[in-house]
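Please read the structure below before turning to the comments.
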Amino acid sequence: MSPRRVFHGQRGLVGAIFFASLCLNLLVLTAPIYMLQLFTRVMSSHSLATLAALTVAAGIALVFYMIFDALRAQLLTRLGNRIEADIGPIVLGSVVQGAGGADTQAVRDLHEVRAFVMSPSFTALLDAPWSVLFLGVIYLFHPLLGLVATVGLAILLLLGVMSEIAGRVPARAASESVRKSNATADEVLRNAEIVRAMGRTSTLVARWQRQAFAAIATGTRAHDRMSRMSSLARMVRMALQIAVMATGVWLVLEGALAPGMMIAASILLGRAAAPVEQSIAGWRGMLAVRVAVQRLNAVLAETRAQESRMSLPEPTGRLSVQDATVVSPGRQDPLVMGISLELRPGDSLGLFGPSGAGKTTFVRALVGLQPLTRGHVRIDDAALEDWPAEQIGRHIGFLPQRVELFEGTIAENIALMDAEAKPSEIVRAAKRAQVHELILSLPGGYNAQVGRNGDFLSAGQRQRIGLARAFYGAPCLIVLDEPNANLDPEGEEALAEAITQATAEGAVVVVVSHRMSVLKAVNHIAVLEQGRMVRFGKAKAVFGADNVLPMAGRVTTDTMGRKLPPLDPGKPIAGGKNRASGQGGVS
């Protein structure tokens, strides 16, 4: 199946625009034909009736010119709107899924393409091919006039090519600089509160300003080159009209050309040269749009590859991790190295380890947010990347460290703004997360507004609403990254109860925490250090009778309950795999 393109599915509308352009450019011949007839018929016959008939015919032609011009403008508007309406959801979806990059550049590219389609520069491109028609008519008047016009248009085209070559690199650099500047501005706005509270507004504004000035400098270079080419093109067009008029007068004096043909040739030349000149003037915008279209086509191709995945049977939730390794391009040592484990429906896993041990990176890989450099995360024996994202996503509940809420009600946030969500399912998720009573205690209950970014709620309340969101839809895999970071003892107790209830219903729950109170609610423990899993097994075996993480040498068990030999980081276990490298405990 061929990948979707930006203008995919718009063939009928593009054909209508082409037909309107054809009629419009044919009607452009009204003025030169009218002028020619005045000189050859009216002035020679002195017939007022002929003058009146020609004027009425020209007026009717101009009415049709107005109709087709307005029709083409409306069709171009519809084309821009349809492009955005058709691929806009795909583009925004790709940004969410990660195919469109880490920011909203793809969305801005789409807006830029839509604006260009409705701009005079795109209209000039539609009219440019018809310059050949006008040039042919000039040749019919006299070959010498046609030759002069051809040379002039060739020079204009050459200037267009030179403008493309000269402006390609600066335009791409300017576009990239603007993208970086916008990304920095977005970062500053996302962290506006901490920036303002810690008095670093001027520092970060200065950082943005340096990038903005770089964008201005590269944009100025590109604009200056385009301006010089545009000025040169205008000079060449005016010189060309003078050359055609001078050649026409000479031919009239020689008796080889009628005066009306000379004037008609000048009008046709202006019409033939105008779109070429406009194209050169708008070349910078064309270059930027071409880059935007290339980026959008790449995004659409990646999205089509994801959409082509076949749906699989609904998962039961068996989770298998095989040699999971994550290497960041900016670091030499891996963030996560060779982690393998297996959890069955009803199992729960607590991830423990110091800061920077790779816990968040690992759980992000479990839900498909962090691509693996090596290894696989499998759900029901199917690799996570082989599942259609929408299908498997409906069976995954995720609570990140930083809980972000949408502007809306508590109920809408629990259902992730799903307009078709059933109230019973929302309440069920809240009860499973043990936050039903908390929500009812708030003014408005489930209909209470959370404010922008959840500002109307405390950090702990936001976290518990995010927990209910993770439980919405009865997912078979629930991943919670430090869910008790902002909770009080009562909230921690409710969280432990929620984990126990979810596993009793057959879900696999993975919890990252530094607090032992929550880890006691799970039946498996994994300890990560420097990206490697150094301990893994049944919770009671790892904790021991005193509920303290053991030193090296404590006997643990794997997910099947089988005893593992004492931990010795330098000694391989059965099968030749090293416990310290994260390969222990594979079932």
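Yeah, the sequence shown ends on 587 if you go by full-length UniProt numbering, and it's all consecutive.
For glycine and all other residues, C-beta sits at the position ideal for the given N, C-alpha and C.
- In the structure shown, L110 adopts helical secondary structure according to DSSP, grouped into three states.
- Distance from the CA of L189 to the CA of W208, rounded to the nearest whole angstrom, comes to 11 Å.
- In the structure shown, the three-state DSSP call for H376 is strand.
- E314 is classed as exposed because its beta carbon has fewer than 16 other beta carbons within 10 Å across all chains shown.
- Under the three-state reduction of DSSP, H524 is assigned to strand.
- Excluding its 5 nearest sequence neighbours in each direction, Q401 has C-beta neighbours in its own chain below 6 Å: D481 and E482, listed in chain order.
- About 6 Å separates the CB atoms of L495 and L487; that is less than 8 Å, so the two are in contact.
- The continuous stretches of alpha helix (DSSP H) do not include E385, and DSSP gives it neither H nor E.
- DSSP places E342 inside the beta strand (DSSP E), whose first and last residues are V336 to L343.
- Beta-bridge partners assigned by DSSP to E529: R532.
- Counting along the chain, the unbroken beta strand (DSSP E) around D323 starts and ends at L319 to V326.
- The alpha carbon of L351 has as its nearest neighbour, out of I396, H514 and G466, the alpha carbon of H514.
- Put simply, of Q530, A521, G531 and E529 the residue whose alpha carbon is nearest the alpha carbon of K538 is A521.
- About 5 Å separates the CB atoms of L36 and A264; that is less than 8 Å, so the two are in contact.
- Excluding five sequence positions before and after Q74, none of the CB atoms of its chain fall closer than 6 Å to its own CB.
- Under the three-state reduction of DSSP output, L351 falls in the strand class.
- Remark: C-beta atoms of F398 and A470 approach each other more closely than 7 Å.
- Rounded to whole angstroms, the gap between the alpha carbons of A171 and G160 is 15 Å.
- If you ignore the 5 residues before and after R432, its C-beta comes within less than 7 Å of the C-beta of F471, A498, Q501 and A502, all in its own chain and listed in chain order.
- For F7, there is no enclosing beta strand (DSSP E), since its DSSP letter is neither H nor E.
- With contacts defined by Cβ atoms closer than 7 Å, R318 and D386 do not form a contacting pair.
- About 5 Å separates the beta carbon of V236 from that of I155, a gap short enough to meet the 8 Å contact definition.
- Here V336 really is in contact with G358; their C-beta atoms are around 5 Å apart, less than 8 Å.
- A residue is called buried when at least 16 other Cβ atoms come within 10 angstroms of its Cβ; F362 meets this threshold and is buried.
- With the rule of 3 Cβ pairs closer than 8 Å, the stretch 288 to 296 counts as touching the stretch 106 to 124.
- Under DSSP, D127 shares a beta bridge with no residue.
- The C-alpha of S340 lies about 43 Å from the C-alpha of G445.
- When the Cα atoms are used, A85 and S202 turn out to be separated by approximately 40 Å.
- Taking 7 Å as the cut-off, the beta carbon of N297 is found no closer than this to the beta carbon of R82.
- Nearest Cα to L62 within the set L26, G88 and L269: L26.
- Under the three-state reduction of DSSP output, F122 falls in the helix class.
- Looking at the backbone, the Cα of D109 and that of V327 are separated by about 30 Å.
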